[in-house]
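Novice: I have a structure here, written as structure tokens, and I will follow up with some questions on it.
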Amino acid sequence: MASLKSFEELNCWKACREVVRWVSAITKTFPKEEKYDLVDNMKRASRSSTRNIAEGFGRHHHRENIQFCRISRGSLTELIDDLITSLDEGYLTKALYKEGRQKIESALQLVNGYIRYLESLL
Numbered sequence: 006m007a008s009l010k011s012f013e014e015l016n017c018w019k020a021c022r023e024v025v026r027w028v029s030a031i032t033k034t035f036p037k038e039e040k041y042d043l044v045d046n047m048k049r050a051s052r053s054s055t056r057n058i059a060e061g062f063g064r065h066h067h068r069e070n071i072q073f074c075r076i077s078r079g080s081l082t083e084l085i086d087d088l089i090t091s092l093d094e095g096y097l098t099k100a101l102y103k104e105g106r107q108k109i110e111s112a113l114q115l116v117n118g119y120i121r122y123l124e125s126l127l
């Protein structure tokens, strides 16, 4: 991984980007009254996952990079809670909930793997 030139090459960032795209598409179907609450939070949490990986990559210090990846992980976990709320409120079908949950879980696994890799370099 030492030869990576950009955060865009990281599999964890790519997986989080896929989550961002999914959230952006799915929230278009949510009620208008959720635009400034649930939808806004879901978009912010998903975008935070990619942004923090990118920012951490740019720090060039493993400890700082790890901390930003942990923030990304927290944002993904927050998004799971938003998915549960969306399901409970009837904004998502069980199938869409499972699809989103799988995307987030996959991204979480990759972020955790990247954190373990960075920790091995300390």
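For what it's worth, the working numbering labels the leading residue of the sequence shown as 6, then goes sequentially. Built from N, CA and C at the ideal position, the CB exists for glycine as well. Here the structure is a predicted model, which means the values were calculated and not measured.
Starting from L43, follow the alpha helix (DSSP H) in both directions and report where the run begins and ends.
Specialist: Start and end: L43 to R64.
Novice: Within this structure, are the beta carbons of Y102 and L123 separated by less than 7 Å?
Specialist: It is not a contact, given that the beta carbons lie outside the stated cut-off.
Novice: Measure the C-alpha to C-alpha separation of F12 and V25 and round it to an integer number of angstroms.
Specialist: Computed Cα separation, rounded: 16 Å.
Novice: Does the separation of the CB atoms of L84 and I58 fall below 7 Å?
Specialist: Contact: no.
Novice: How big is the Cα-Cα spacing for S91 and Q107?
Specialist: C-alpha separation (whole angstroms): 15 Å.
Novice: Apply the 10 Å Cβ neighbour rule to S8 and answer buried if 16 or more other Cβ atoms are within range, or exposed otherwise.
Specialist: With fewer than 16 other Cβ atoms within 10 Å, it is exposed.
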